[in-house]
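Residue numbers (this note's numbering): 1 to 273.
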């Protein structure tokens, strides 16, 4: 009986956590289906009196939301691909190649997670300005290319790959690069899926840097574009919620698609063989 009570309590706690987590999403969708008059009224109402998709229609017809979505895809996919290209070899070197100062260099890279991005804004802006890259989408994603947490996840996974596989490949005459491409990368798909989703969401949700580096309205990312719904003389809350709901769809679909590999990557990234 005690076991059953503990199980019920655990399930109830899990449901409570899920409801707390999902409530803002539900509130966002419901608010996006309200008229602006209902949103700013003093009388609280959870469900819209007259549900409407007018805010979504307005978002797609009166703004550059499709351009902003396309720009965000370019920024997020560019950051995602370059992050994999940079993080995977670095993580492999830290995991399998013995060299002097390896651990010190690894923890120096991990220390990058503790540096606030705001500290780097001025030097980054000056650097990209000197390259003539201000107001370009490339400038929006290049500072987000390498994820220290991605290096950590991949390194932990690669360390769990038996060294016997590498030794057998060396005996067969394979080079270090061939081993990395033909053995390590295929075995690390689940860990790479975790890095993919982290880098994609990180770049997709980025707001401050694209706001600073991009000037033309049509080149905005979706986060910066939605912020434009808040004007000098008022804020269109219902329209903002509609834009936020649209902006959330790619992230949700991306997670659903990579869900199994992400869970497998997180579950195995801390294990060593």
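For each residue, glycine too, the CB sits at the ideal point set by N, CA and C.
Spatial neighbours of residue 199 within its chain, please: CB distance less than 6 Å, with the 5 preceding and 5 following residues excluded, ordered by chain position. If you number the chain shown from 1, residue 199 lands on position 199. 79, 80, 83 and 147.
Beta-carbon separation of residue 157 and residue 191 under 8 Å? The count along the chain shown starts at 1 and reaches residue 157 at position 157. The count along the chain shown starts at 1 and reaches residue 191 at position 191. Inclusion of residue 157 and residue 191 in the CB contact set at 8 Å is warranted, their separation being smaller than that value.
Tell me the rounded alpha-carbon separation between residue 134 and residue 210. As a working mapping, residue 134 is identified with position 134 in the chain shown. As a working mapping, residue 210 is identified with position 210 in the chain shown. Residue 134 and residue 210 have their C-alpha atoms roughly 10 Å apart.
DSSP on residue 43, reduced to helix/strand/coil? As a first step, residue 43 must be located in the chain shown, where it is residue number 43. Residue 43: coil per DSSP, three-state reduction.
Leaving out the 5 sequence neighbours to the left and right, which residues in its chain are closer than 6 Å to residue 229 when beta-carbon positions are compared? By one-based count along the chain shown, residue 229 stands at place 229. Contacts found: 236, 239 and 240.
From the DSSP output, in three-state form, read off residue 217 for me. For the purposes of this step, residue 217 is taken as the residue at position 217 of the chain shown. Assigned with DSSP and collapsed to three states, residue 217 falls in helix.
Bridge-paired residues (DSSP) for residue 235: Within the chain shown, the letter at position 235 stands for residue 235. Paired residues: 230.
Inter-residue Cα distance where the pair is residue 10 and residue 70: Within the chain shown, residue 10 is the residue found at index 10, counting from 1. Within the chain shown, residue 70 is the residue found at index 70, counting from 1. Looking at the backbone, the Cα of residue 10 and that of residue 70 are separated by about 42 Å.
Taking residue 27 as the reference, give the member of 46, 36, 37 and 258 with the closest Cα. Indexing the chain shown from 1 puts residue 27 at position 27. If we check each option's Cα against that of residue 27, 46 comes out closest.
Whole angstroms are fine: how far does the CA of residue 187 sit from the CA of residue 195? The residue you call residue 195 lines up with position 195 of the chain shown. The residue you call residue 187 lines up with position 187 of the chain shown. Taking the straight line joining both Cα atoms gives about 14 Å.
Quick one: grab the DSSP three-state call for residue 259. As a first step, residue 259 must be located in the chain shown, where it is residue number 259. DSSP places residue 259 in helix when its eight states are reduced to three.
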